[in-house]
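Here is the structure we will look at.
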Amino acid sequence: MTLTEKEESAINDNIMILTGNHAAAHAFRQAKVGVVSAYPITPQSPVVEKIAEFIAEGKLKARFVKVESEHSAMAVLCAASVTGSRVGTATSAHGLELMYEMLPWASGNRLPIVLNLATRSLGAPWSVWTDHQDFITIRDVGWIQLFCENNQEIYDTNLQAFKIAEDSRILLPVACAYDGYVLSHTAMPVKLEIQELIDKFLPPLNHHINLSDISTVKGIDPVTTPQVVKRDEGVAPGYYEYRYALQKALENSINIIKEVHDDFAKKFGRSYGNGIYKAIQTDDADTIIFGMGSVASQSRVAIEKLRAEGLKVGLMSLKLFRPYPAEELREFFKDKENIIVFDRDIGYGYEGTLSYELKAALYGLKSRPNIKGFIVGLGGRDVKTEHIITGIYKALDEFKKGIFTNKTDFLGLRLEELEDYDEETYFKGG
Amino acid sequence: MVNVMDIPEEEYIFPGTRACAGCAMALIYRIALKALGPNTIVTVPASCLTVLHGMQGFCTTKISVYHTPFATTAASASGILASLEDKGLADEITVLAFAGDGGTVDIGIQALSGAAERDTNFIYACYDNEAYMNTGVQRSGSTPLGVQTTTTPEGKSVHKKNMPKILEAHGIPYVATANAAYPLDLYEKFKRAKDIKGPKYIHILSPCPPGWGYNPKDTMLIGRLANETGFWPLYEVLDGKFELSNSSKRYLDSSKRKPITDYLKAQKRFKSIDEKIAKTYEKYIDNTWKEIKSRLESR
Chain A
25 MTLTEKEESA
35 INDNIMILTG
45 NHAAAHAFRQ
55 AKVGVVSAYP
65 ITPQSPVVEK
75 IAEFIAEGKL
85 KARFVKVESE
95 HSAMAVLCAA
105 SVTGSRVGTA
115 TSAHGLELMY
125 EMLPWASGNR
135 LPIVLNLATR
145 SLGAPWSVWT
155 DHQDFITIRD
165 VGWIQLFCEN
175 NQEIYDTNLQ
185 AFKIAEDSRI
195 LLPVACAYDG
205 YVLSHTAMPV
215 KLEIQELIDK
225 FLPPLNHHIN
235 LSDISTVKGI
245 DPVTTPQVVK
255 RDEGVAPGYY
265 EYRYALQKAL
275 ENSINIIKEV
285 HDDFAKKFGR
295 SYGNGIYKAI
305 QTDDADTIIF
315 GMGSVASQSR
325 VAIEKLRAEG
335 LKVGLMSLKL
345 FRPYPAEELR
355 EFFKDKENII
365 VFDRDIGYGY
375 EGTLSYELKA
385 ALYGLKSRPN
395 IKGFIVGLGG
405 RDVKTEHIIT
415 GIYKALDEFK
425 KGIFTNKTDF
435 LGLRLEELED
445 YDEETYFKGG
Chain B
3 MVNVMDIPEE
13 EYIFPGTRAC
23 AGCAMALIYR
33 IALKALGPNT
43 IVTVPASCLT
53 VLHGMQGFCT
63 TKISVYHTPF
73 ATTAASASGI
83 LASLEDKGLA
93 DEITVLAFAG
103 DGGTVDIGIQ
113 ALSGAAERDT
123 NFIYACYDNE
133 AYMNTGVQRS
143 GSTPLGVQTT
153 TTPEGKSVHK
163 KNMPKILEAH
173 GIPYVATANA
183 AYPLDLYEKF
193 KRAKDIKGPK
203 YIHILSPCPP
213 GWGYNPKDTM
223 LIGRLANETG
233 FWPLYEVLDG
243 KFELSNSSKR
253 YLDSSKRKPI
263 TDYLKAQKRF
273 KSIDEKIAKT
283 YEKYIDNTWK
293 EIKSRLESR
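The listed protein sequences correspond, in order, to chains A and B. To convert a position in the first sequence, counted from 1, into the numbering used here, add 24. To convert a position in the second sequence, counted from 1, into the numbering used here, add 2.
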């Protein structure tokens with residue numbers, strides 16, 4: 025068998041066919057993480073299986089603490105990070121929720137932990153399929169949250185995530201999310217970079233706490249009071265000052281996240297919009313689709329079809345969800361007419377989270393675009409191109425009629441197949 | 003057997019901590035740190051020990067401490083150790099987890115069981131003041147029968163959990179019981195634990211004046227009564243081999259034991275117990291010692 029020139033160059037370029045989960049694992053290997061701790065959960069498990077394999081084969085010199093729960097996994101990582109190691113993990117849905125207590129502990133301590141989230145819906149009822157609800161639930165814990173659209177982006181974003189997390193101006197944990205199954209279990213070509221270049225991009229961690237240096241005594245996380253404490257030995261900030269510093273670090277991180285993205289793009293030749301969002305065919309568009317991850321990917325197909333039908337539609341795929349890039353979004357949307365948001369999540373009791381957050385962000389504009397949000401694809405229900413297209417036409421029609429509502433609108437529901445469906449009595453229990 | 007001259011003069015806890023007057027935990031911690039020395043990192047969950055460690059910006063010990071959420075003591079110790087291994091420092095530094103009874107037998111048992119199963123090379127010390135003292139005396143899984151707490155105003159209806167036995171069942175190399183009123187024995191056990199590889203578990207009875215209801219000056223007396231009545235025997239299990247500690251050996255002979263009522267009546271927390279519960283205690287202590295005897299004989 026002879027290789028075509030293209031195949032040969034692919035091999036030389038070290039392109040592998042990888043699932044999203046394995047792309048994340050390779051990024052951990054090349055980032056030379058020191059401590060990994062994880063607990064199995066679908067659809068994340070192949071990430072940590074692969075890491076275990078790398079360690080067993082001697083390709084990664086990390087300690088893998090195989091804990092009895094995700095709560096312990098994040099507790100292990102917080103402690104290992106405090107002791108000075110580069111650390112990371114992966115989880116999904118219920119695993120993330122079980123970690124919840126430890127997530128603000130990580131950010132409050134300013135620990136540069138990287139977490140991969142293969143997104144999955146939350147029970148009850150049980151579902152292993154994707155939606156973005158798990159990702160959304162951690163928006164208030166002080167983490168940086170990034171979303172990926174393909175496996176190369178997962179690999180690249182992980183490498184950037186360590187660099188962002190460990191930047192001395194930031195020092196915060198980072199979550200890299202990607203859709204469960206849609207990416208976690210789907211193989212596609214991923215270019216792995218040369219180790220020496222990665223080492224240059226991501227030098228060894230010089231931790232700001234480092235308990236392992238016992239030449240200085242440290243008391244990490246004692247009880248704080250509502251006050252600033254002054255004693256002869258010095259002045260210590262109160263809880264309020266710590267939390268102010270955390271919030272400011274998040275606010276200031278947006279430019280640094282862009283900077284890291286641009287640096288990566290310069291070194292490795294791949295970029296993802298401006299590092300915080302990706303704008304696709306938006307220059308001449310008056311109508312913009314707004315979404316994340318699998319929803320954005322599906323919308324790429326939809327805009328081709330809508331444009332063929334004469335609509336000037338573009339796509340804004342949000343990559344950075346926290347800190348929320350409100351100013352950048354305001355600037356981007358200031359001259360746009362219509363925004364149609366597709367949420368694969370709900371801020372239960374209100375609307376889709378992306379929808380209401382964008383509305384709030386654009387409040388300061390003099391002339392505000394029309395915005396309508398749709399709910400799509402919860403629990404792995406397919407998000408089809410036709411759902412997106414139906415949504416666009418419906419929204420444009422409502423905008424024309426001047427209809428504005430916060431009531432949720434679900435696309436792709438199949439209530440008509442449930443012959444006895446009655447909104448007042450259905451699914452009340454069991 | 004160590005004597006008092008063997009205990010280093012060096013103090014690792016600064017004076018003036020926020021522990022209560024007569025606090026046995028402070029004494030246990032002081033002795034433990036003397037035994038382990040300066041190359042130690044401590045992890046502490048939400049507990050009275052957090053209070054001892056004081057407020058923001060200051061550390062009351064000469065040894066670094068990491069405060070960790072309630073359920074995570076043993077997991078955090080695993081994390082510290084994993085990082086030390088990653089850095090090649092694991093042989094030079096001892097990892098000490100120090101938690102109360104609630105943090106150990108209740109909310110922290112899962113993480114502790116996991117760390118024990120993983121053969122984590124650390125010392126886990128449980129100072130057992132037999133209730134959630136830091137939050138205002140609520141019952142824990144380690145509260146003894148009949149004890150009044152703020153959540154058992156009628157007196158607790160069941161015995162305390164036998165945590166050392168649970169840890170023994172994990173097959174770890176070292177399990178010991180200790181008592182704040184026997185500091186030399188305590189010192190020796192921490193010293194021994196330091197030199198053993200793998201998980202080490204030391205469960206220490208820690209009398210608590212406000213929670214148990216006695217005069218703070220009587221902490222040692224109350225602690226001694228727990229041993230002298232046979233309620234809290236001191237022993238070690240080293241590589242599966244059971245050994246009664248010297249301070250408890252004479253109580254193998256039941257006639258040497260003081261009546262359990264001496265212990266119960268000395269503390270307000272037992273004030274609601276009746277004759278029937280006192281009898282139950284006699285049986286409980288008899289059974290405890292029968293088991294000890296049979297373990298010693300079957301060696």
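From the three backbone atoms N, C-alpha and C, an ideal C-beta is built for every residue, glycine too. Values in this document were obtained by computation on a predicted structure and should not be read as measured data.
Helix, strand or coil at residue i [DSSP, three-state]
i, result
"methionine 212 of chain A", "strand"
"glutamate 183 of chain A", "Position check: residue 183 of chain A holds leucine in this sequence, whereas glutamate was assumed. In this structure, leucine 183 of chain A counts as helix in the three-state DSSP scheme."
"methionine 222 of chain B", "helix"
"methionine 316 of chain A", "coil"
"proline 185 of chain B", "helix"
"asparagine 248 of chain B", "helix"
"methionine 3 of chain B", "coil"
"methionine 25 of chain A", "Annotation note: pLDDT 44 at methionine 25 of chain A (below 50); position unreliable, coordinate value reported separately. Three-state DSSP puts methionine 25 of chain A in coil, outside helix and strand."
"arginine 368 of chain A", "coil"
"glycine 454 of chain A", "Interpretation of glycine 454 of chain A is limited by its pLDDT of 47, a score under 50 that renders its predicted location unreliable; the figure taken from the coordinates is listed afterwards. If DSSP states are grouped into helix, strand and coil, glycine 454 of chain A belongs with coil."
"glycine 59 of chain B", "coil"
"asparagine 394 of chain A", "strand"
"leucine 42 of chain A", "strand"
"alanine 171 of chain B", "coil"
"tyrosine 283 of chain B", "helix"
"phenylalanine 434 of chain A", "strand"
"asparagine 362 of chain A", "strand"
"lysine 267 of chain B", "helix"
Chain-ordered chain A contacts of residue i [CB-CB under 7 Å]
i, result
"glycine 116 of chain B", "Val91, Glu92 and Ser96"
Residues that DSSP places opposite residue i in a beta bridge
i, result
"glutamine 169 of chain A", "A:Ala199 and A:Arg346"
"glutamate 238 of chain B", "B:Ala178 and B:Glu245"
"asparagine 140 of chain A", "A:Ala114 and A:Cys200"
"glutamine 140 of chain B", "B:Tyr134"
"isoleucine 304 of chain A", "A:Leu339"
"glycine 243 of chain A", "B:Val67"
"glycine 258 of chain A", "A:Arg255"
Contact set between residue i and chain B, taken where Cβ atoms lie within less than 8 Å
i, result
"glycine 108 of chain A", "Ser85 and Lys89"
"valine 138 of chain A", "What valine 138 of chain A touches in chain B: nothing, since even the nearest Cβ is about 15 Å away."
"isoleucine 244 of chain A", "Ser66, Val67, Tyr68 and His69"
"proline 261 of chain A", "Gln58 and Gly59"
Cross-chain neighbours of residue i in chain B, by beta carbon under 7 Å
i, result
"leucine 101 of chain A", "Gly81"
"arginine 87 of chain A", "Ala84, Glu87 and Asp88"
Member of the options whose CA lies at the smallest distance from the CA of residue i
i, options, result
"phenylalanine 434 of chain A", "A:Phe366, A:Ser391 and A:Val319", "A:Phe366"
"isoleucine 160 of chain A", "A:Tyr124, A:Gly415 and A:Glu92", "A:Tyr124"
"tyrosine 126 of chain B", "B:Lys199, B:Pro146 and B:Gln58", "B:Lys199"
"aspartate 264 of chain B", "B:Leu223, B:Leu254 and B:Pro235", "B:Leu223"
"alanine 48 of chain B", "B:Ala76, B:Ala37, B:Gln150 and B:Glu87", "B:Ala76"
"phenylalanine 88 of chain A", "B:Leu86, B:Tyr68, B:Pro71 and B:Leu54", "B:Leu86"
"arginine 300 of chain B", "B:His161, B:Arg194, B:Phe244 and B:Lys258", "Per the sequence shown, residue 300 of chain B should be read as serine rather than arginine. It is B:Phe244 whose Cα lies nearest to the Cα of serine 300 of chain B."
"proline 40 of chain B", "B:Tyr129, B:Ile204, B:Gly225 and B:Glu12", "B:Glu12"
"glycine 148 of chain B", "B:Leu169, B:Phe233 and B:Val160", "B:Val160"
"histidine 95 of chain A", "A:Asp158, A:Gly119, A:Lys282 and A:Phe292", "A:Gly119"
"leucine 344 of chain A", "A:Arg438, A:Ile222, A:Gln184 and A:Gln322", "A:Gln184"
"serine 93 of chain A", "B:Met57, B:Thr74 and B:Glu284", "B:Thr74"
Within chain A, the residues that residue i reaches when beta carbons sit closer than 8 Å
i, result
"alanine 195 of chain B", "Those do not exist, as alanine 195 of chain B stays about 19 Å from chain A at its closest Cβ, beyond 8 Å."
"serine 78 of chain B", "Ala99, Val100, Cys102 and Ala103"
"isoleucine 95 of chain B", "Ser236 and Ile238"
"threonine 45 of chain B", "Ala103"
Amino acids of chain A, ordered along the chain, whose beta-carbon sits closer than 9 Å to that of residue i
i, result
"lysine 1 of chain B", "A question about residue 1 of chain B goes unanswered here, because the residues of chain B that appear run from 3 up to 301."
"alanine 26 of chain B", "Chain A residues near alanine 26 of chain B: none, gap ~21 Å exceeds 9 Å."
"arginine 120 of chain B", "Val89, Lys90, Val91 and Glu92"
Per-residue contacts from residue i into chain B (C-beta, under 9 Å)
i, result
"serine 61 of chain A", "Ala77, Ser80, Gly81 and Ala84"
"glycine 258 of chain A", "Gly59 and Phe60"
Below 8 Å, can you find three or more Cβ-Cβ pairs linking the segment 110-120 of chain B to the segment 163-177 of chain B?
yes
How about the segment 173-190 of chain B and the segment 239-247 of chain B: do they share at least three Cβ pairs that are nearer than 8 Å?
yes
Cβ pair count under 8 Å reaching 3, the segment 192-211 of chain A against the segment 300-311 of chain A
no
Spell out a yes or no on whether the segment 94-108 of chain B and the segment 239-255 of chain A are touching, meaning 3 or more CB-CB pairs, one atom from each, closer than 8 Å.
no
Does the segment 376-384 of chain A come close enough to the segment 406-425 of chain A that 3 or more CB-CB pairs lie under 8 Å?
no
Determine contact between the segment 106-125 of chain A and the segment 64-79 of chain A, defined as no fewer than three beta-carbon pairs at a distance below 8 Å.
The segment 106-125 of chain A is in contact with the segment 64-79 of chain A.
Validate contact between the segment 54-67 of chain A and the segment 78-86 of chain A using beta carbons, cut 8 Å, 3 pairs:
At 8 Å Cβ cutoff, the stretches touch.
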